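To keep things clear, I will list the structure first and then write my remarks on it.
Residue numbers (the numbering used here): 2 to 251.
What follows is the structure, encoded as structure tokens:
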């Protein structure tokens with residue numbers, strides 16, 4: 002195998018691995034297919050309650066009852082999808098690392114469709130109710146949380162401290178590179194401006210963070226330039242938060 006390195010490029014580390022997962026190739030191919038089929042079956046079954054409710058509503062002679070019944074069926078379906086997403090995420094976080102890696106693509110697609118694009122979740126943006134929703138999904142919220150979008154993954158690995166404002170940013174409990182998948186805790190505090198991106202093991206602590214800033218894993222072997230992307234604490238409380246977060250993430 003030949004590789005071409007462009008001129009004036011410094012190659013610091015190789016991410017090419019002949020045996021990345023250490024698992025048989027056949028299992029790597031079969032397992033995601035079986036898991037997707039099972040998930041599709043569960044998704045199909047989740048349509049039954051809302052279908053039955055809608056069917057009953059359409060048999061009513063009253064337009065008002067029919068309209069309310071169909072709206073209730075729609076809301077019920079969105080709630081069922083949120084519960085299913087909660088179960089899928091909890092299941093993923095309990096699996097061994099090699100299974101997490103094999104099934105991670107299915108998980109990402111499911112969360113993107115059924116939680117990050119859920120209309121009921123949109124209604125919670127910018128309200129105090131989102132903090133309760135985040136706690137239900139598994140996140141640790143210590144104080145106020147004001148969320149204005151974009152995406153959340155691995156809520157069970159997200160920790161929010163103090164008064165936290167998230168504006169159009171992506172917060173994750175995972176990190177993927179050529180060496181594999183890492184799932185770890187992510188700690189967030191202060192104002193996170195639009196375009197920020199935090200991965201597993203990172204600490205976002207400061208009064209103002211961003212915009213358009215990447216927060217990398219403090220405990221992975223990143224370069225000094227990468228480490229400079231970590232927000233610097235601006236108060237004594239933030240400094241203590243960073244120390245506690247780093248100690249917990251080790």
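Note that CB positions come from ideal geometry on N, CA and C, so glycine has one too. Note that the structure is predicted; figures quoted are calculated from it, not measured.
_Rounded to the nearest angstrom, what separates residue 110 and residue 61 at their Cα positions?_
For residue 110 and residue 61, the distance between alpha carbons rounds to 38 Å.
Handout entry: Proximal residues to residue 195 (C-beta, below 6 Å), its chain only, five neighbours per side dropped
Key = Around residue 195, the same chain offers 168, 169, 212 as residues with beta carbons nearer than 6 Å, after the five sequence neighbours per side are excluded.
Q) Measuring CB to CB, does residue 157 end up less than 7 Å from residue 144? A) For the 7 Å CB-CB criterion, residue 157 and residue 144 do not form a contact.
If we count Cβ pairs, one from each stretch, closer than 8 Å, do we get three or more for the stretch 81-88 versus the stretch 158-167? Flag = no, the stretch 81-88 and the stretch 158-167 do not touch.
**Request:** Taking only the alpha-carbon atoms, compute the straight-line gap between residue 124 and residue 117 and give it to the nearest angstrom.
**Result:** Using only the alpha carbons, I get a separation of about 12 Å.
- [ ] Verify the CB distance criterion: does residue 202 have a CB-CB separation below 7 Å to chain D?
- [x] In the displayed structure, chain D is absent; only one protein chain is listed.
Original post:
With burial defined as no fewer than 16 other Cβ atoms inside 10 Å of the residue's Cβ, what is the status of residue 45: buried or exposed?
Top reply: Classification for residue 45: exposed.
Just to confirm, is the Cβ distance from residue 192 to residue 215 under 7 Å? Residue 215 is positioned such that its CB atom lies no closer than 7 Å to that of residue 192.
Practice item. Could you tell me the boundaries of the alpha helix (DSSP H) in which residue 208 lies? Key: DSSP places residue 208 outside any alpha helix (DSSP H), giving it a letter other than H or E.
Would you list the residues sitting across from residue 57 in a DSSP beta bridge? Answer by DSSP bridge pairing: none, since residue 57 is not bridged.
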